[in-house]
Amino acid sequence: MFRRDGRRETGEGVSTEVQAPDRKKDCDQRIESPLSRTLRATPTEELVPFPLPQAEGDKNRLLKVDSEAFASEQRNCTGLKPCWEKEREGKGEFVKKGDLLFRKNKDHFGNVNLQLVIKADLRNEILALCHESTSAHLGVTKA
């Protein structure tokens, strides 16, 4: 049995002190494997940067429109006129960042996300990019 002062009582009325293990000492004693010794970098070794290939112009572009053209098309789209008016008036959920129009969306946790407003003729192409590529959004089921 243990007493309130941390001593342990034995059956003969003798009490002994219980000591907690020294965890700091145990953590300092690490077992080093031969593999970890060979993988350890020495301070004299120099790290060589690995160059990444540069993008080759328009070949790696996902959409066939650049950001300036996208902003211009977004501004001149007749279907987005009500959205631009709400942004100018400061009403509703629209906000302008740079030259682009975004919609403020609040999730169920209360986090505010900005969603880029896409004109109608680009929506199908962007949805296809987001959902049909190999690293795409998989929805609720994952294969």
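UniProt numbering numbers the first residue of the sequence shown as 1 and each following residue consecutively. No residue lacks a Cβ here, since even glycine has one placed at the ideal position from N, Cα and C. Predicted model only: the values in this text are computed from it and were never measured.
Contact check for Cys77 against Lys119 passes: the beta carbons are separated by less than 8 angstroms. Val117 is positioned such that its CB atom lies closer than 8 angstroms to that of Leu101. Taking all protein chains shown into account, Phe94 has 16 or more neighbouring C-beta atoms within 10 Å of its C-beta and is therefore buried. Of the candidates Phe70, Pro49, Glu132 and Val48, the residue whose Cα lies closest to the Cα of Asp121 is Phe70. In this structure, the straight-line span from the alpha carbon of Glu132 to that of Asp66 is close to 22 angstroms. Restricted to the segment 66–104, the alpha helix (DSSP H) segments that are unbroken, complete and at least 4 residues in length are 67–76 and 81–89, listed in chain order. Beta-carbon to beta-carbon, Lys86 and Gly79 are separated by about 14 angstroms, too far to satisfy the 8 angstroms threshold.
Residue pairing of Lys106 in beta bridges, as defined by DSSP: Val112. Here the alpha carbons of Lys96 and Gly110 stand approximately 21 angstroms from one another. Under the DSSP assignment, Ile126 falls in the alpha helix (DSSP H) whose first and last residues are Ala120 to His131.
Beyond the five residues adjoining it in sequence on each side, Lys106 comes within less than 7 angstroms, by CB distance, of Val112 in the same chain, given in chain order.
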